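Colleague:
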Amino acid sequence: MNAVSAATIQIRAGRLDDLDALSKFTRKTFRWGDYIVEAWPHWVESARGELLVAELDGALVGTVHVRYVGAREAWLEGVRVHPAFRHQRIATTLIQDAHRRAKQKRCRVMRLETFSYNRRAQRLFEKLGYRCVVQYARYRARAAQELAPTMRAANRADAARCWEIWTTAPHGQRAQSLTRAPFGWLWWEFSLPRLREAIRAQRVWLSADARAFMVLGREELHALVLAGTPRGMRELLQGAQGLAKRQKLSRAYWFAPYTARTRALAAQTRFTLDEAGMLIYEYVL
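According to my numbering, the sequence shown holds residues 308 to 592 in order.
Shown next as structure tokens:
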């Protein structure tokens, strides 16, 4: 197919009635299908993001969604291009338009996640100025009743102590200060206000000696933040397995930077690798 210029690609807001055209070229994005069809109605209605589609000669040929995370961060997701129109600068045009809109919102950074096997996407993002800042992995462990938690739930008075643990933790634990958010599939900057919000929501746990803490997600039992002494972190991961049993869940999960230290810690606490190769890319706007 002949190349097209960015000037001939029309970018507009996505609509609910675009779903039929979109579903026709996203059914086989992954081996299991694509989450985008299910997410589309939420993206259309959300006031916290912008859903963009690309049209060429009136046909919908691509899409991307920008989620605004807090005041200054943006998250890029759902980059899709019709297979018949790839290599036509459609993805580039969509992403650059997303950058422009994020800048207008005074965002200072745009991030995204892609898997290590998706080299085509990585080449595109790197060409557009993105750089990979951290690789994450997900570990899992069976719920274990015998591992009764010795940890305790954090309260408002513990915020300063938890924050001190975080800011003095080794670089490998903090991973550019990026952690998985408690909602959706995105990573954000862990901050003191976000820590306090998690404490208010009763999602933060401290080790018995208050030298390590863990932040859980809102769904199932996902450990999203873990920092502190090796002994304290082992206690918390074992406690997470006990919490899973208490909540009648079959497993506990832990999202962590994929490093030698986290792999060793997982092995010491009966966690096994569930999925690796989650690459977090960043673009400074």
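All C-beta atoms, glycine included, are put in the ideal place defined by N, C-alpha and C.
Note that the coordinates shown come from a computational prediction; the quantities given were computed from them, not determined experimentally.
Please name the residue or residues paired with residue 447 in a DSSP beta bridge.
Modeller: 560, 579, per the DSSP bridge assignment.
Colleague: Would you list the residues sitting across from residue 356 in a DSSP beta bridge?
Modeller: Paired residues: 374.
Colleague: Using 10 angstroms around the beta-carbon of residue 561, count the other beta-carbons present and answer buried if the total reaches 16, otherwise exposed.
Modeller: By the neighbour-count rule (16 or more Cβ atoms within 10 Å), residue 561 is buried.
Colleague: Are the beta-carbon atoms of residue 367 and residue 329 separated by less than 8 Å?
Modeller: Yes. Within cutoff.
Colleague: Quick check on residue 308: does DSSP put it in helix, strand or coil?
Modeller: The pLDDT assigned to residue 308 is 45, lower than 50, so where the model puts this residue is not dependable; a value taken from the coordinates is nonetheless given after this. In the structure shown, residue 308 sits in coil (DSSP, three-state: anything other than H, G, I, E or B).
Colleague: Where residue 505 and residue 364 are concerned, what is the direct C-alpha to C-alpha distance, given to the nearest angstrom?
Modeller: Roughly 48 Å separates the two Cα atoms.
Colleague: According to the neighbour-count rule (16 or more other Cβ atoms, all chains shown, within 10 Å of its Cβ), is residue 573 buried or exposed?
Modeller: That one is buried.
Colleague: Count the C-beta pairs between the stretch 486–494 and the stretch 370–389 that are closer than 8 Å, then say yes if the count reaches three, no if not.
Modeller: Taking 8 Å as the limit for Cβ pairs, the verdict is that the stretch 370–389 does touch the stretch 486–494.
Colleague: With a cut-off of 8 Å on the beta carbons, I'd call residue 346 and residue 316 a contact; round off their distance for me.
Modeller: With a Cβ gap of about 23 Å, residue 346 and residue 316 do not count as contacting.
Colleague: Are residue 545 and residue 576 close, meaning C-beta to C-beta below 8 Å?
Modeller: Closer than 8 Å, so yes.
Colleague: Going by beta carbon distance, what residues of the same chain come within less than 6 Å of residue 308, once the five residues before and after it are set aside?
Modeller: Low per-residue confidence applies at residue 308: pLDDT is 45, beneath 50, and the placement is therefore not dependable enough to give any value.
Colleague: Please report the residue range of the beta strand (DSSP E) in which residue 406 lies.
Modeller: Counting along the chain, residue 406 falls outside any beta strand (DSSP E), though it belongs to the alpha helix (DSSP H) covering 397–411.
Colleague: Inspect the CB distances between the stretch 415–422 and the stretch 580–588 and report whether three or more fall short of 8 Å.
Modeller: With the cut-off at 8 Å, the stretch 415–422 and the stretch 580–588 touch.
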